[in-house]
Each structure stands twice: as structure tokens, then as C-alpha cells.
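*Asks:* One structure coming up, written as C-alpha cells, with questions to follow.
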Amino acid sequence: MFESGTEASRDYLNCSVCLNELTDPVTIPCGHSYCIKCIKECWDEVELQKKAYSCPQCRGVFPTRPVLNRSTVLTDVLRGLKSSADMEVNLNGGECNFCGGEKRRAVKSCLTCVASFCETHLKTHLEFPVLQRHTLVEPCSRLQEMLCPLHNKLLDVYCIQDKRCICLLCAMDEHSDHKTVSAAKEWSEQRQKPLQNLQERFPGLLQRREKDLQALTKAVKTYSTSAEAAVELNEGFLAEITQSMEKKLSQLSNLIQAYEKKELCQAEGLQKKLEQTIARLKLSDTECDQLRHKDQHILCLQEFLSLSAFSETESLQSNPVKENPSFLNAADILSGLKEQLEELFDEKIKEMTSAAINLKIVLPANPKTRQEFQEHFVQLKLSPESSHPCLKLSEENRKVMCASSSSSSSLKSSVQANAEKFTSLYQVLCDSPVKGCCYWEVMRSGTVHIALSYGSIPRNSSYSSSKFGCNSESWSLECSGNKFTFWHKCHATEISAQCQSTIGVYLDESAGTLAFYQISTNSTMTLLHKAHIEFTKPVYPGFRLECGSSVTLC
Numbered sequence: 001m002f003e004s005g006t007e008a009s010r011d012y013l014n015c016s017v018c019l020n021e022l023t024d025p026v027t028i029p030c031g032h033s034y035c036i037k038c039i040k041e042c043w044d045e046v047e048l049q050k051k052a053y054s055c056p057q058c059r060g061v062f063p064t065r066p067v068l069n070r071s072t073v074l075t076d077v078l079r080g081l082k083s084s085a086d087m088e089v090n091l092n093g094g095e096c097n098f099c100g101g102e103k104r105r106a107v108k109s110c111l112t113c114v115a116s117f118c119e120t121h122l123k124t125h126l127e128f129p130v131l132q133r134h135t136l137v138e139p140c141s142r143l144q145e146m147l148c149p150l151h152n153k154l155l156d157v158y159c160i161q162d163k164r165c166i167c168l169l170c171a172m173d174e175h176s177d178h179k180t181v182s183a184a185k186e187w188s189e190q191r192q193k194p195l196q197n198l199q200e201r202f203p204g205l206l207q208r209r210e211k212d213l214q215a216l217t218k219a220v221k222t223y224s225t226s227a228e229a230a231v232e233l234n235e236g237f238l239a240e241i242t243q244s245m246e247k248k249l250s251q252l253s254n255l256i257q258a259y260e261k262k263e264l265c266q267a268e269g270l271q272k273k274l275e276q277t278i279a280r281l282k283l284s285d286t287e288c289d290q291l292r293h294k295d296q297h298i299l300c301l302q303e304f305l306s307l308s309a310f311s312e313t314e315s316l317q318s319n320p321v322k323e324n325p326s327f328l329n330a331a332d333i334l335s336g337l338k339e340q341l342e343e344l345f346d347e348k349i350k351e352m353t354s355a356a357i358n359l360k361i362v363l364p365a366n367p368k369t370r371q372e373f374q375e376h377f378v379q380l381k382l383s384p385e386s387s388h389p390c391l392k393l394s395e396e397n398r399k400v401m402c403a404s405s406s407s408s409s410s411l412k413s414s415v416q417a418n419a420e421k422f423t424s425l426y427q428v429l430c431d432s433p434v435k436g437c438c439y440w441e442v443m444r445s446g447t448v449h450i451a452l453s454y455g456s457i458p459r460n461s462s463y464s465s466s467k468f469g470c471n472s473e474s475w476s477l478e479c480s481g482n483k484f485t486f487w488h489k490c491h492a493t494e495i496s497a498q499c500q501s502t503i504g505v506y507l508d509e510s511a512g513t514l515a516f517y518q519i520s521t522n523s524t525m526t527l528l529h530k531a532h533i534e535f536t537k538p539v540y541p542g543f544r545l546e547c548g549s550s551v552t553l554c
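Just so you know, UniProt numbering puts 279 at position 279 of the sequence shown, and the rest follows in order with no gaps.
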């Protein structure tokens with residue numbers, strides 16, 4: 001396999017006709033490779049001149065025009081080289097901004113020119129005295145992030161008050177009354193030691209999170225094993241209870257059949273006896289008729305006494321016959337048994353379900369320090385489409401300011417109605433929803449409402465239905481002067497705390513918790529309010545401002 005960084009490797013992958021890197025490579029019978037387009041054009045010309053087909057490199061002659069098949073091996077090699085080259089460029093600080101065609105790897109970046117240079121194009125900076133005064137650094141592929149989005153100038157000034165890098169024009173304008181130092185001085189004097197401390201904490205954090213991951217993996221495995229065992233037990237129990245019930249029902253069927261046989265036998269005997277009695281009674285009735293006409297008094301008297309005795313005997317005998325005999329009581333018994341079993345199963349299943357609900361995997365504890373919260377940090381941006389016309393977005397949609405009351409009416413009237421925009425309140429949403437465990441920080445000035453809202457909140461409706469915190473669609477923390485108030489469905493919860501300009505918001509969507517924290521100058525986190533919410537739709541961070549107030553997403 002060729003190494004991507006060597007020129008020799010690439011020479012083998014160049015077409016000897018166009019002298020560029022092979023495109024759709026094909027290999028001809030002599031072993032040399034060309035771009036399929038190049039070799040076709042060569043042989044088309046040879047065919048017009050009625051000459052022999054030959055290799056442009058070794059001049060080997062072929063009796064007939066060879067069939068061209070793409071070389072999959074060379075195609076894979078070229079693709080691998082390109083991927084390796086792209087990776088090398090990314091790892092080593094990007095590519096030269098002045099190379100035409102194939103870009104070479106940059107060896108230096110110029111902060112003055114805000115561009116990266118390869119070894120060839122860097123020579124002008126090393127040779128010309130004017131360019132020698134430029135600041136050269138190790139190659140960086142993120143030069144654009146070092147520029148001010150407003151003035152397109154280098155962010156070489158650090159604002160101590162706002163804790164962010166700014167350009168010289170920002171320092172002279174918006175930050176003119178702020179304390180500032182050079183970014184280089186802030187980094188070398190103020191940030192090196194905290195960086196070292198931060199780096200020293202990372203191994204401990206890494207170890208803790210690895211232990212948490214191991215514990216979670218073990219808990220998940222245990223939970224899965226337990227669930228599989230419970231399912232197998234359930235299936236085994238079903239088989240056993242089915243077998244047991246079949247056995248009991250078979251015994252009951254045998255008992256019913258034995259009872260049926262016994263009752264039928266008794267009924268048959270009684271039936272035969274009754275038939276004999278009926279025949280005897282019919283005969284006796286006939287004999288009575290005959291006795292009336294006989295004149296042998298002694299015989300008549302004897303027969304009469306015999307018939308009377310038989311009649312008395314039959315009158316005294318009782319042959320109980322069950323009316324509508326059936327086994328319907330068995331159906332009642334089985335129905336009752338079914339209900340009892342269902343009630344028993346329902347009760348036990350509820351117990352097992354309750355136990356399963358209470359069986360929770362122990363996850364890592366909620367973050368406590370600012371550093372732990374920042375492990376869940378998300379970068380937010382405001383949505384211009386939702387922003388009220390009187391709100392001004394800046395700093396790549398990470399800052400919003402509310403226009404003064406004098407200019408609000410003119411701005412409002414000059415902007416056409418938009419279904420996405422808030423029109424009755426100075427409100428704005430972020431451009432994307434937040435999910436899972438996430439954390440963001442807000443720097444505020446003046447009275448602002450820091451909110452979380454469903455995207456379906458009304459935009460052009462009445463004051464209360466679209467106001468953050470005054471409906472079922474949103475939750476809001478009002479920061480006004482020296483007090484905080486949490487709002488939901490127009491219900492206010494007063495919070496007593498000393499006001500700070502920086503507020504942290506932590507959302508755990510799966511646990512259904514929304515927490516607001518106050519952040520002091522020494523990064524101490526103080527819980528202001530925690531709400532327990534059952535989220536049903538995607539949620540978006542949002543803000544409501546009053547005239548003269550501003551919000552900056554950190």
C-alpha cells in the first residue's frame with residue numbers, strides 16, 4: 001500500500017498522458033495504467049490514423065484494440081489516499097489558502113492576514129520586511145472563529161467584565177467602559193494556572209465517569225438478565241399452571257362421567273321397575289273388571305284382597321325422580337373459579353409491575369458544581385424567525401437586546417406580520433429544541449424572563465396565551481431587580497435570593513426536571529428553583545425582555 005505523504009507514491013498514481021492523478025483508472029495488458037478518458041482519446045486518434053495500438057509509456061504494441069476495464073484496486077487506493085490526505089490536513093491545521101488546484105498542507109497561519117500558508121507561499125512572509133512584522137502561529141483551520149462577526153477583525157482583546165474575546169473596534173464601542181486586556185496577556189497570566197488545575201481534575205473526572213459507566217453497564221446487564229429470567233419463569237409458570245389445570249379439569253371430567261354413569265344406571269333400574277309396575281297395574285285393572293262378572297265368591301274375595309294389598313303397597317311406595325337433572329352447577333363452579341383465578345393473577349401482576357417500576361437503574365448523581373454542569377453544556381442560538389420585531393439579535397444570534405420604547409412602535413409598524421414571530425410580547429425562542437440532559441448559561445441585563453417552551457406556543461394570540469409562564473405551554477423564571485419569580489399557568493412562586501447577572505439552566509428531560517441556578521463570580525452554583533414536569537413535546541429555550549434589557553447566551 002502507498003503512503004499518502006510521499007511524492008513517490010503519488011507518481012505511480014499519475015497518468016502519463018495528462019500528468020494528473022488518475023481518474024477512473026484502467027490498466028492495459030502491458031501493466032501500465034491511465035485515465036480511461038485519456039487512453040480512449042489516444043487510441044481513437046491511432047484508429048483514425050490506422051496505426052497499431054500501443055502503450056503511450058512503454059510503446060508496447062497490441063494486435064487488436066484492448067478492451068478497457070476499470071481497475072477497482074487502483075480506485076480503492078486513490079480513495080484511501082484522498083481520505084488519508086484529508087485526515088492529515090485536518091490533523092495538522094488545515095490546508096493552504098493560496099494553493100490552486102490540489103491544496104497543500106499549511107505550515108503556518110498568519111493572524112494579521114487571517115490565512116494559512118504552505119511552505120511555498122509562506123516565503124513571501126519570510127522575505128519581505130513589511131510581511132515579516134505579521135504574527136505567524138502554528139497552522140490553524142479555525143481562523144474564522146478568531147474574527148469578530150460584527151467587524152471582521154481579530155478577537156485579540158479580552159473583556160474581563162463580559163468574560164469573552166472581542167476585537168479592537170468592539171473595545172472602543174460597546175465595551176468602552178469595560179475593563180479589557182489583550183487576549184495574549186489574559187491567556188498567559190490568568191488562564192495558564194486554571195488550565196493546569198482543570199487538567200489535573202480531568203483524570204479524577206474521567207475515573208469517576210468510567211466507574212459510573214461500568215456501574216451502569218453492570219446494572220443494565222443485571223436488569224436484562226433479571227428480565228429474561230422473569231420472562232422464562234413466566235413462560236415456565238404458564239406451562240406448569242396449564243398442565244396442572246388440565247390435570248384438574250381431566251379429574252373433574254372423569255368425576256362427572258362417573259357420576260353420570262352411576263345416575264344413568266340407577267335411572268335405568270328405576271325405569272325398568274316402573275315399567276313392570278305399570279304393566280302390573282294395567283293387569284290389576286283388567287282383573288278388577290273381570291271380578292265384577294264372576295260368581296265364585298271365595299275366589300273373588302281372595303283375588304280382591306290380593307289386588308287391594310298390591311294397590312296399598314304401590315300407594316305407599318315413592319320413587320323420587322329428579323326433574324331436569326343437569327350439571328349446570330359445574331358451569332357455575334368453573335365460572336367462579338375462572339373469576340377467582342383472574343383476580344388472583346391481576347393482583348399478583350400488579351405487585352410484580354409495581355416492583356418492576358420501583359426497580360430503577362442507579363444513574364450518576366445530578367451535577368453539583370459548575371464544572372459538572374458544563375459537562376452537559378449545549379451551544380444555543382436564537383431564532384430570528386420567532387423574534388419580536390423590536391428585538392435586535394447580534395453576535396451570531398447569541399445576544400438579544402430590546403429596543404427603547406421610543407423606537408418600538410416604529411419598528412413594530414414597519415415589519416409585516418409573520419406567523420412565526422411573536423407580535424404582542426418582546427419574546428424570542430431558540431432555533432432548535434433541547435433534549436436529554438443539557439445545560440446552558442445566560443448573562444442578563446435588566447428585567448428578563450428565562451423560559452422553556454413548547455414550539456407550539458401561540459405567537460400572534462392574546463397577551464396571556466402567548467406570554468411565557470402564563471399558559472400550559474411554557475415555564476419561566478422572571479429576573480427583575482433583586483428578586484426572582486417562577487411562573488407557570490400564571491401561577492407565581494416568589495424566590496428570595498441575591499440577584500446575579502449569570503443564570504444557569506439545567507434540563508433533565510427523561511427525569512422531567514427543570515432547574516435554575518444562580519452563578520456567583522467565583523462559579524458557586526445556588527439553586528433558585530426546580531420544577532418537575534412531564535414533557536409531552538419538544539421544548540425550546542426562550543426569553544422575554546423589557547425595554548432596555550438584554551440577554552447573552554454564554
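Ideal placement from N, C-alpha and C gives every residue a C-beta, glycine not left out.
Comparing C-alpha positions only, which one of V551, T536, T112 and E534 sits nearest to K542?
*Replies:* Reading the sequence shown from its first residue, position 542 is the one you call residue 542. Note that residue 542 is Gly in the sequence shown, not Lys. Closest by alpha carbon: V551.
*Asks:* Can you tell me whether residue 604 is helix, strand or coil according to DSSP?
*Replies:* With the chain covering 1 to 554 only, the question about residue 604 has no answer from this structure.
*Asks:* From this set, V61, A115, G60 and L13, which residue's C-alpha is nearest R79's C-alpha?
*Replies:* Translated into positions along the sequence shown, residue 79 becomes position 79. Comparing Cα-Cα distances from R79 to each of V61, A115, G60 and L13, the minimum goes to L13.
*Asks:* Using 8 Å as the threshold, is the C-beta distance between V448 and L545 below it?
*Replies:* As a first step, residue 448 must be located in the sequence shown, where it is residue number 448. As a first step, residue 545 must be located in the sequence shown, where it is residue number 545. Yes.
*Asks:* Can you list, in chain order, the residues of its chain with a C-beta nearer than 7 Å to that of P56? Leave out the 5 residues immediately preceding and following it.
*Replies:* Within the sequence shown, residue 56 is the residue found at index 56, counting from 1. Cβ neighbours of P56 beyond the five flanking positions: S16, V17 and C42.
*Asks:* Let me check one thing: in DSSP terms, what residues is V434 bridge-paired to?
*Replies:* Here residue 434 refers to the residue found at position 434 when the sequence shown is read from its first residue. V539.
*Asks:* Can you list, in chain order, the residues of its chain whose CB lies under 6 Å from that of S476, leaving out five sequence neighbours each side?
*Replies:* For this step, residue 476 is matched to residue 476 along the sequence shown. Once the five neighbours on either side are set aside, the close Cβ partners of S476 are H449, A451, F468, G469 and W487.
*Asks:* Classify F237 as helix, strand or coil using the three-state DSSP reduction.
*Replies:* Locating residue 237 in the sequence shown gives position 237, where the first residue counts as 1. F237: helix per DSSP, three-state reduction.
*Asks:* Could you check the C-alpha separation between S456 and L19 for me, to the nearest Å?
*Replies:* For the purposes of this step, residue 456 is taken as residue 456 along the sequence shown, with counting starting at 1. For the purposes of this step, residue 19 is taken as residue 19 along the sequence shown, with counting starting at 1. Answer to the nearest angstrom: the Cα atoms are 60 Å apart.
*Asks:* Where does C165 fall in DSSP's three states?
*Replies:* Counting from 1 along the sequence shown, the entry for residue 165 is found at position 165. C165: strand per DSSP, three-state reduction.
*Asks:* Go ahead and pull the three-state DSSP assignment for G548.
*Replies:* Along the sequence shown, read from residue 1 onward, the residue named residue 548 stands at position 548. Three-state DSSP puts G548 in coil, outside helix and strand.
*Asks:* Going by DSSP, what residue range makes up the alpha helix (DSSP H) through W43?
*Replies:* Position 43 of the sequence shown, counted from the first residue, corresponds to residue 43. Its alpha helix (DSSP H) spans residues I36 to L48.
*Asks:* Does the Cβ of T124 have 16 or more other Cβ atoms within 10 Å, making it buried, or fewer, making it exposed?
*Replies:* In the sequence shown, residue 124 corresponds to position 124, counting from 1. The residue in question, T124, is exposed, as its Cβ has fewer than 16 Cβ neighbours within 10 Å.
*Asks:* Which ranges would you report for the alpha helix (DSSP H) in the region 431-485 if only whole runs of at least 4 residues count?
*Replies:* Those alpha helix (DSSP H) runs which fall completely within the region 431-485 and span 4+ residues are 463-466.
*Asks:* Between the alpha carbons of S496 and N152, how many angstroms are there, rounded?
*Replies:* Numbered from 1 along the sequence shown, position 496 holds the residue referred to as residue 496. Numbered from 1 along the sequence shown, position 152 holds the residue referred to as residue 152. If you take the alpha carbons of S496 and N152, they lie about 43 Å apart.
*Asks:* Measuring only the C-alpha atoms, how far is L411 from H388?
*Replies:* As a position in the sequence shown, residue 411 is number 411, starting the count at 1. As a position in the sequence shown, residue 388 is number 388, starting the count at 1. Residue placement at L411 cannot be trusted, given a pLDDT of 48 that sits under 50; the coordinates are not used to answer.
*Asks:* From this set, D44, R59 and K51, which residue's C-alpha is nearest H32's C-alpha?
*Replies:* Taking the first residue of the sequence shown as 1, we reach residue 32 at position 32. Answer by Cα proximity: R59.
*Asks:* Does the structure place the region 497-512 close enough to the region 424-444 that three or more beta carbon pairs sit under 8 Å?
*Replies:* The region 424-444 vs the region 497-512: in contact.
*Asks:* Please list the terminal residues of the continuous beta strand (DSSP E) segment that includes T27.
*Replies:* As a working note, residue 27 is residue 27 in the sequence shown. Here the beta strand (DSSP E) through T27 covers P25 to T27.
*Asks:* For S182 versus D156, is the C-beta spacing smaller than 8 Å?
*Replies:* The residue you call residue 182 lines up with position 182 of the sequence shown. The residue you call residue 156 lines up with position 156 of the sequence shown. Yes, the pair counts as a contact, with Cβ atoms nearer than the cut-off.
*Asks:* S407 by DSSP, collapsed to three states: which one?
*Replies:* Within the sequence shown, numbered from 1, the residue matching residue 407 stands at position 407. Only weak support exists for where S407 lies, its pLDDT of 49 falling under 50; the value from the coordinates is given anyway. In this structure, S407 counts as helix in the three-state DSSP scheme.
*Asks:* Using three-state DSSP, classify Q379 as helix, strand or coil.
*Replies:* As a position in the sequence shown, residue 379 is number 379, starting the count at 1. Coil at Q379, not helix or strand.
*Asks:* Determine the direct distance from the alpha carbon of K489 to that of K537, and round the result to whole angstroms.
*Replies:* Stepping through the sequence shown from its first residue, residue 537 is reached at position 537. Stepping through the sequence shown from its first residue, residue 489 is reached at position 489. Rounded to the nearest angstrom, the two C-alpha atoms are 17 Å apart.
*Asks:* Apart from the five residues on each side of it in sequence, which residues of its chain come closer than 6 Å, Cβ to Cβ, to C159?
*Replies:* Indexing the sequence shown from 1 puts residue 159 at position 159. Hits under 6 Å: I166, H175, H178 and T180.
*Asks:* By the three-class DSSP mapping on this structure, what secondary structure does F128 have?
*Replies:* Numbered from its first residue, the sequence shown carries residue 128 at position 128. Residue state, collapsed to three classes: coil.
*Asks:* Looking at the strands, I want to know which residues DSSP matches up with Y53.
*Replies:* Locating residue 53 in the sequence shown gives position 53, counting from the first residue. Looking at the DSSP assignment, Y53 forms a beta bridge with F62.
*Asks:* Excluding sequence positions up to five away, which residues of its chain have a Cβ less than 6 Å from the Cβ of residue 570?
*Replies:* Here the chain covers residues 1 to 554 and nothing more, so residue 570 does not appear.
*Asks:* Using 8 Å as the cut-off, can you tell me whether the region 190-200 makes contact with the region 212-225, which would need three or more C-beta pairs spanning the two stretches below that distance?
*Replies:* No, the region 190-200 is not in contact with the region 212-225.
*Asks:* In terms of residue numbering, what span does the alpha helix (DSSP H) encompassing E95 cover?
*Replies:* Position 95 of the sequence shown, counted from the first residue, corresponds to residue 95. Segment: none, E95 is in no alpha helix (DSSP H) and carries neither H nor E.
*Asks:* Going by DSSP, which residues form a beta bridge with L553?
*Replies:* To locate residue 553, count along the sequence shown from 1; it is residue 553. Looking at the DSSP assignment, L553 forms a beta bridge with V442.
*Asks:* In whole angstroms, what is the alpha-carbon distance linking E246 and N329?
*Replies:* Start at 1 with the first residue of the sequence shown, and residue 246 comes out as number 246. Start at 1 with the first residue of the sequence shown, and residue 329 comes out as number 329. Roughly 20 Å separates the two Cα atoms.
*Asks:* Roughly how many angstroms lie between the CA atoms of K350 and G436, to the nearest whole one?
*Replies:* Taking the sequence shown and counting its residues from 1, one reaches residue 350 at position 350. Taking the sequence shown and counting its residues from 1, one reaches residue 436 at position 436. When rounded, the distance between both Cα atoms is 30 Å.
*Asks:* When the Cα of S520 is compared with those of R370, E342, L507 and K483, which residue comes out closest?
*Replies:* Walking along the sequence shown from the start, residue 520 turns up at place 520. Here the closest residue by C-alpha is R370.
*Asks:* Tell me whether I495 sits in a helix, a strand or coil according to DSSP, three-state version.
*Replies:* Here residue 495 corresponds to residue number 495 of the sequence shown, with the count starting at 1. Correct three-state label for I495: strand.
*Asks:* When we look at the beta-carbon of R208 and count the other beta-carbons within 10 Å, is it buried (16 or more) or exposed?
*Replies:* One-based indexing of the sequence shown puts residue 208 at position 208. So R208 ends up on the exposed side.
*Asks:* Could you pull the start and end residues of the beta strand (DSSP E) that Q371 belongs to?
*Replies:* To locate residue 371, count along the sequence shown from 1; it is residue 371. It is not in any beta strand (DSSP E) - Q371 instead sits in the alpha helix (DSSP H) that spans R370 to F373.
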